[in-house]
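In what follows, a structure is listed as structure tokens, so that the remarks can point back to it.
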Amino acid sequence: MGRFELNVENKAEIISALDVLLASENVANLKTRKFHRNVESNRFRGLHMYFEELYNASFARIDELAERIRVLWGYAKGTFKEYLELSVIAEEASDRPSDVEMLKIIWDDKMKILEVLKKATVLAGESGDIWTESLLSGFVEAYEKDLWMLNSMDL
149 MGRFELNVEN KAEIISALDV LLASENVANL KTRKFHRNVE SNRFRGLHMY
199 FEELYNASFA RIDELAERIR VLWGYAKGTF KEYLELSVIA EEASDRPSDV
249 EMLKIIWDDK MKILEVLKKA TVLAGESGDI WTESLLSGFV EAYEKDLWML
299 NSMDL
């Protein structure tokens with residue numbers, strides 16, 4: 149059986165951008181799970197459920213990013229060491245941030261990842277990689293909606 153090859157310019161650069169997004173999404177996912185498990189607030193139930201929604205959506209993006217890397221014949225990173233080296237966001241150092249601090253941290257992280265998403269979307273489009281461009285455009289839409297919801301919480 150032959151090997152299916154995509155005719156995409158800048159494939160290595162696209163894979164590198166996807167690696168950064170995969171790493172950042174994994175770090176954000178773990179941080180959101182930490183907040184889900186440890187939030188203490190008079191809004192506990194709502195925040196607990198909201199954080200769960202966020203990390204479930206993140207998990208789906210993680211899988212799609214890793215699969216897209218493989219479709220491009222790259223190899224998806226898979227260790228936290230690799231994720232921390234590549235991520236545009238850092239682990240959460242605080243043991244017990246307040247509920248408002250948790251939401252602000254998520255907002256800040258989403259803004260950083262959104263910036264990378266937008267640049268990677270443009271790169272994919274300019275390189276003729278319609279699938280990656282479409283995938284990342286959907287992620288941009290989801291991130292912008294998440295940011296709107298966080299802004300609506302009047303942090």
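First residue of the sequence shown: 149, per my numbering; consecutive thereafter.
Note that beta-carbon positions come from the ideal geometry of N, C-alpha and C, so glycine has one too.
Can you look up residue i in the DSSP assignment and give me helix, strand or coil?
{"i": "ASN158", "result": "coil"}
{"i": "GLY194", "result": "helix"}
{"i": "VAL168", "result": "helix"}
{"i": "ASP294", "result": "helix"}
{"i": "ARG151", "result": "coil"}
{"i": "GLY286", "result": "helix"}
By Cβ distance, which residues of its chain are closer than 7 Å to residue i, with the 5 residues on each side in sequence left out?
{"i": "GLU161", "result": "LEU271"}
{"i": "ASN177", "result": "TYR203, SER206, PHE207 and ILE210"}
{"i": "ARG191", "result": "ASP247"}
Use the C-beta contact count for residue i: other C-beta atoms within 10 angstroms, 16 or more gives buried, fewer gives exposed.
{"i": "ALA208", "result": "exposed"}
{"i": "VAL187", "result": "buried"}
{"i": "SER329", "result": "This structure leaves residue 329 out entirely; the chain is present only between 149 and 303."}
{"i": "LEU154", "result": "exposed"}
{"i": "ILE278", "result": "exposed"}
{"i": "LYS267", "result": "exposed"}
{"i": "MET250", "result": "buried"}
{"i": "THR227", "result": "exposed"}
CB-CB under 6 Å to residue i, same chain, minus the five flanking residues each way: which ones, in chain order?
{"i": "ASN158", "result": "SER275"}
{"i": "LEU234", "result": "ASP167, VAL168 and ALA171"}
{"i": "THR180", "result": "PHE199, LEU202 and TYR203"}
Using a Cβ-Cβ cut-off of 8 Å (strictly less than) and excluding sequence neighbours within five positions of residue i, which residues of its own chain qualify?
{"i": "GLU173", "result": "SER206, ARG209, ILE210, LEU213 and ILE261"}
ask   = Should the region 283-295 be called in touch with the region 254-274, which here means at least 3 C-beta pairs below 8 Å?
value = The region 283-295 makes contact with the region 254-274, as at least three CB pairs between them are under 8 Å.
query = Which runs of the alpha helix (DSSP H) fall wholly inside the region 211-272 and span at least 4 residues, in chain order?
reply = Annotation note: the region 211-272 contains the following uninterrupted alpha helix (DSSP H) runs of length 4 or greater, listed N- to C-terminal: 228-234.
query = Does the count of Cβ pairs from the region 211-221 and the region 164-183 closer than 8 Å reach three?
reply = In short, these stretches touch, since the Cβ pair count reaches three.
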